[in-house]
Amino acid sequence: LEKVPKDLPPDTALLDLQNNKITEIKDGDFKNLKNLH
């Protein structure tokens, strides 16, 4: 991955972003993921 995916289901509770090429996490990237730990 090079960017945080925009189409994640709103009920996502676990998101493993290890071993990727993401260099920036923007404000709001996870705003709709209320169950994210």
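One gets this note's numbering by counting positions in the sequence shown from 1 and adding 1404 to each.
Cβ coordinates follow ideal geometry from the N, Cα and C atoms, glycine included.
| Asked | Found |
| --- | --- |
| Straight-line gap, H1441 to D1433 (C-alpha atoms, nearest Å) | 14 Å |
| Straight-line Cα distance separating K1435 from D1415 | 12 Å |
| Length of the line joining the Cα atoms of V1408 and I1429 | 7 Å |
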